[in-house]
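This note's numbering numbers the first residue of the sequence shown as 1 and each following residue consecutively.
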Amino acid sequence: MKVEGFPSKSTISAIKRGFQSQCVSNVKLDGEDFVSKLLDRRWTLPHPDAKIHQVMLSTSKVSQPGRALSDVSFFNKINPSFSHGLMDKDDREPSFFIVRDDLLHPLINGNKARKLDGLIPLVEDHSVTHVVTCGGCQSAHAAAVAVSCSERGLKSHLLLRGEQPEILTGYNLMSTIYGNVTYVPRSLYANREKMLKSHADYLAGSSGNVIWFDDILEASLSENDGAMSFLQKDAYRSDHPRKIVIVNEGAGDVVALLGLIRLVQYLSQNHILGKERPLKLVVDAGTGTTAVGLGLGAICLGLPWEVTAVMLADTIDGYRSQERRLISDFKRHFGLQIDHCFDEIDRGLVHWLERCHPRKFGNVLEGEVEACQHIAQQTGILVDPVYTLAAWEMSAVLREQEAEGGATVVMLHTGGTLGMFGLAQRYKSYFSKLKTGLSN
Numbered sequence: 001m002k003v004e005g006f007p008s009k010s011t012i013s014a015i016k017r018g019f020q021s022q023c024v025s026n027v028k029l030d031g032e033d034f035v036s037k038l039l040d041r042r043w044t045l046p047h048p049d050a051k052i053h054q055v056m057l058s059t060s061k062v063s064q065p066g067r068a069l070s071d072v073s074f075f076n077k078i079n080p081s082f083s084h085g086l087m088d089k090d091d092r093e094p095s096f097f098i099v100r101d102d103l104l105h106p107l108i109n110g111n112k113a114r115k116l117d118g119l120i121p122l123v124e125d126h127s128v129t130h131v132v133t134c135g136g137c138q139s140a141h142a143a144a145v146a147v148s149c150s151e152r153g154l155k156s157h158l159l160l161r162g163e164q165p166e167i168l169t170g171y172n173l174m175s176t177i178y179g180n181v182t183y184v185p186r187s188l189y190a191n192r193e194k195m196l197k198s199h200a201d202y203l204a205g206s207s208g209n210v211i212w213f214d215d216i217l218e219a220s221l222s223e224n225d226g227a228m229s230f231l232q233k234d235a236y237r238s239d240h241p242r243k244i245v246i247v248n249e250g251a252g253d254v255v256a257l258l259g260l261i262r263l264v265q266y267l268s269q270n271h272i273l274g275k276e277r278p279l280k281l282v283v284d285a286g287t288g289t290t291a292v293g294l295g296l297g298a299i300c301l302g303l304p305w306e307v308t309a310v311m312l313a314d315t316i317d318g319y320r321s322q323e324r325r326l327i328s329d330f331k332r333h334f335g336l337q338i339d340h341c342f343d344e345i346d347r348g349l350v351h352w353l354e355r356c357h358p359r360k361f362g363n364v365l366e367g368e369v370e371a372c373q374h375i376a377q378q379t380g381i382l383v384d385p386v387y388t389l390a391a392w393e394m395s396a397v398l399r400e401q402e403a404e405g406g407a408t409v410v411m412l413h414t415g416g417t418l419g420m421f422g423l424a425q426r427y428k429s430y431f432s433k434l435k436t437g438l439s440n
């Protein structure tokens, strides 16, 4: 295996310092100009569009302690387009809006598609042939990488934690069909960096190149300066048949923020959500990357939007630490130079909240599968009990709090459809209790 062909970070950084005329990071711009230049790149998704539905609540006081969602009636008012702007609609009836990112792709739905929106084109542009990443047995990220790579003629290698299940289903099944799956003992998986590097080295053999995605990102930024084009050509002017890139678990790196900022720019158009009226944008938080990306988009564009993230997998200190890390990486990579944003960013972008019914990550409480069924049968919208049900519950609570002229509540549906199959295996008793219809 040879790795010396790709320019080092230090080399890239040195050259970047010498070419400062064209880079966004060295030009002070207002918010909209900065975002426009930041998003002037190739994307995985042809368009950032998302359907928006309005969920009507036909009963009040939905946030009473202990009140079950099965006691609340919903109605889904489909508004796929808003010719005069969403905010011009009659919202006197209790309701919240839902951005249907779960409909982006039949297999790569929700926030996984947004996170990969800016990543996959960079992988393609740098002549990568194989992608190595990792995740849990039912990892939506691993499945998304496998499908995205297969659609573009790339090979994916997925390291999944634990043992192969007796029956392949959900995201695990899609990962196996579209990618090359290896199950890794939990003891080895604990050291993800070593595990990923070892597997990539094994795939590369004696003639391939192994790089981390962060190296590709650094090189692409320099290439945009016009400074790195000759190094890029030299780095890949080789006879090595395999060029392998390592993508971190969950793709929760700084490049994942770009797809979310692109979504915010799209939603802020006057004929959709607009730029003037206060919004509470609600999202479920696994790693927290999606919430931070939404917050960055809102602050850069100067929008009166508050991002509320329902914490599912970590403590508030953990999420705040992740937020600071991503913001720091964003400033370092993309050179955020919008003076009026600094104070806002330093105070934090995201309002982190506990789930209405906290529990250990991945656990499902009795009655929640029935709540998902209730929502699906009344609105045609599928939510899952681990992730998106939490955002749905919080949206209903915030809608009541914001009644009588308060902020408009908008939920981002992050997907999770295929995850229901894995949950049905794990929580057989809960799913076996499902009634045949609401009339029962």
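Ideal Cβ placement from N, Cα and C applies to all residues, glycine included.
May I have the straight-line CA-CA distance separating residue i from residue j, to the nearest angstrom?
i    : j    : result
I211 : C134 : 16 Å
V369 : S432 : 10 Å
G208 : Y171 : 29 Å
A113 : L45  : 8 Å
A146 : G405 : 45 Å
D384 : F96  : 18 Å
G362 : E306 : 26 Å
C300 : V35  : 7 Å
I261 : H271 : 18 Å
T182 : T315 : 31 Å
H413 : A204 : 38 Å
L116 : R324 : 21 Å
R32  : S150 : The sequence given here has Glu at residue 32, not Arg. Approximately 35 Å between the Cα atoms of the pair.
S222 : G259 : 20 Å
P304 : K37  : 22 Å
Y430 : L389 : 16 Å
K331 : L154 : 31 Å
Y387 : T289 : 14 Å
A298 : V292 : 10 Å
N101 : S206 : What sits at residue 101 in the sequence shown is Asp, not Asn. Distance between the alpha carbons of D101 and S206 is about 42 Å.
Q373 : T379 : 10 Å
Name the DSSP bridge partner or partners of residue i?
i    : result
S95  : M56
N109 : N109 is not bridged to any residue.
V283 : A309
By the three-class DSSP mapping on this structure, what secondary structure does residue i have?
i    : result
N26  : Residue placement at N26 is flagged as unreliable, the pLDDT there being 43, under the threshold of 50; a coordinate-derived value is accordingly withheld.
V245 : strand
H351 : strand
I381 : coil
G66  : Caution is warranted here: a pLDDT of 44 is assigned to G66, below 50, making its placement in the model unreliable, and the coordinate value is therefore given only provisionally. Note: G66 maps to coil in three-state DSSP.
I327 : helix
I211 : strand
E366 : coil
E276 : coil
T308 : strand
L434 : coil
G302 : coil
Q269 : coil
A50  : coil
K37  : helix
V292 : helix
Y202 : helix
G250 : helix
M228 : Confidence is the limiting factor: at M228 the pLDDT is only 39, short of 50, which leaves the residue's position unreliable, though a coordinate-based value still follows. Three-state result, M228: coil.
F334 : helix
C356 : coil
V264 : helix
Y319 : helix
Give the C-beta separation of residue i and residue j to the nearest angstrom, bearing in mind that I take them to be a contact with Cβ-Cβ under 8 Å.
i    : j    : result
K280 : E402 : 7 Å
I216 : V123 : 7 Å
F421 : T129 : About 31 Å separates the two Cβ atoms, so there is no contact after all.
G286 : L312 : 6 Å
H157 : V132 : 5 Å
T308 : L349 : Their Cβ separation, rounded to whole angstroms, is 11 Å, which puts T308 and L349 out of contact at 8 Å.
L39  : Q322 : Actually they are not in contact, since the Cβ atoms of L39 and Q322 sit about 23 Å apart, beyond 8 Å.
Chain B beta carbons: is any one of them nearer than 8 Å to that of residue i?
i    : result
G293 : Going by chain labels, chain B is absent from the structure shown, which holds only one protein chain.
Task: Runs of beta strand (DSSP E) wholly within the segment 116-200 (minimum 3 residues, chain order) - done: 130-135, 155-161, 180-184
Task: Ranges of the beta strand (DSSP E) found wholly within the segment 392-432, counting only runs of at least 3 - done: 408-412
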